[in-house]
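Going by this note's numbering, the final residue of the sequence shown carries number 255, and the count climbs one at a time with no gaps.
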Amino acid sequence: MLYNQVRYAEAVRVFYKLRGRTSNRVSTGLVQELGYAKYSTQFYAVKKLLMEEGILDSNGKFVENAPNVWLAELPQVVGQKEREILCDEVPFKIFLASVLGSRRLGDLSRALALSRSSAYHAASRLLKTGLLQRNGMEISSSGSAKTWLSGYLDACKTHVNVTGDISVLFRAVPAYIDGPRAYFALHHEVGRPIGRADMVIATWAPYLGFWESIVNGVRYFLEYQKNVEVLVANPSARVVWADRLPFNAKARLPR
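Rendered as structure tokens:
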């Protein structure tokens with residue numbers, strides 16, 4: 001998820017800076033620039049995570065696309081204190097919701113299925129660093145982090161329009177695939193014709209508008225040729241990842 005990528009933004013920037021060097025020099029330079037000891041297990045753990053996130057390829061080299069390059073610029077435009085907050089799941093979800101539109105904090109805690117205490121604690125941290133600002137009962141995002149995140153989401157849209165790779169969207173804005181598309185992705189049926197199936201994108205209420213704009217404005221979904229519906233996430237869903245996409249493991253076919 002994007003908040004995990006934010007946690008390792010400094011490492012991403014180093015991989016980006018050294019992307020043009022030979023493999024041996026890259027390996028040596030990376031360990032030195034990241035501050036790890038030679039043959040550090042932590043270095044290889046970070047490298048493995050970034051490969052899983054699609055930031056590095058199977059050879060450990062930086063994957064140069066719009067979202068990854070935008071992520072590599074994060075340490076240049078957003079301070080370390082702000083990044084330390086945004087790499088936590090709850091503050092990130094609240095900040096993301098505020099970037100997508102001003103919200104009442106009390107409504108956000110319910111809409112994002114967060115406990116009231118965790119939501120208010122996260123909001124307090126965001127307010128203290130200036131990532132959020134309060135206007136009466138509503139909160140809204142502000143500063144360079146807001147500009148960066150808005151630009152990152154635009155970069156994801158461009159990437160999907162060019163490549164058809166929708167996984168970056170699901171990692172940036174929490175949601176999962178449900179309905180027949182999820183069922184057939186997780187349950188292979190012998191003899192079933194290969195083809196696309198109706199899809200439900202389930203997300204949390206503050207993100208509905210974003211996903212509706214994606215379905216109505218991104219080429220992948222415009223050319224999908226089957227019905228795509230955006231609905232509020234089901235609290236009982238069990239999300240599993242397959243082929244870098246999130247699916248509801250409890251998906252069922254309509255009767």
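By construction, the Cβ of each residue, glycine as well, lies at the ideal position given by its N, Cα and C atoms.
Everything numeric in this text was worked out from a predicted model, so none of it was measured.
8 angstroms Cβ cutoff met for residue i and residue j
i      : j      : result
Ile85  : Leu126 : yes
Tyr8   : Val46  : yes
Ala111 : Ala205 : yes
Val173 : Ile201 : no
Ser140 : Ser109 : no
Lys226 : Met199 : yes
Phe247 : Ala182 : yes
Leu100 : Gly209 : yes
Arg244 : Ser167 : yes
Arg196 : Tyr224 : yes
Lys93  : Thr129 : no
Ser117 : Val90  : no
Ala251 : Asp165 : no
Ala185 : Trp211 : no
Three-way DSSP call (helix, strand, coil) for residue i in this model
i      : result
Trp241 : strand
Ala172 : helix
Met199 : strand
Pro246 : strand
Asn135 : strand
Ile177 : strand
Ser140 : strand
Burial state of residue i (16 or more Cβ within 10 Å)
i      : result
Val6   : buried
Arg171 : buried
Val78  : buried
Ala242 : exposed
Span separating the alpha-carbon of residue i from that of residue j
i      : j      : result
Leu18  : Trp148 : 23 angstroms
Asn24  : Ser58  : Only weak support exists for where Asn24 lies, its pLDDT of 49 falling under 50; the value from the coordinates is given anyway. Spanning the two alpha carbons is a distance of roughly 16 angstroms.
Ile214 : Val240 : 22 angstroms
Ser236 : Ala249 : 10 angstroms
Asn135 : Phe95  : 15 angstroms
Leu2   : Asn65  : 15 angstroms
His188 : Leu131 : 45 angstroms
Leu56  : Thr203 : 27 angstroms
Leu71  : Asn4   : 11 angstroms
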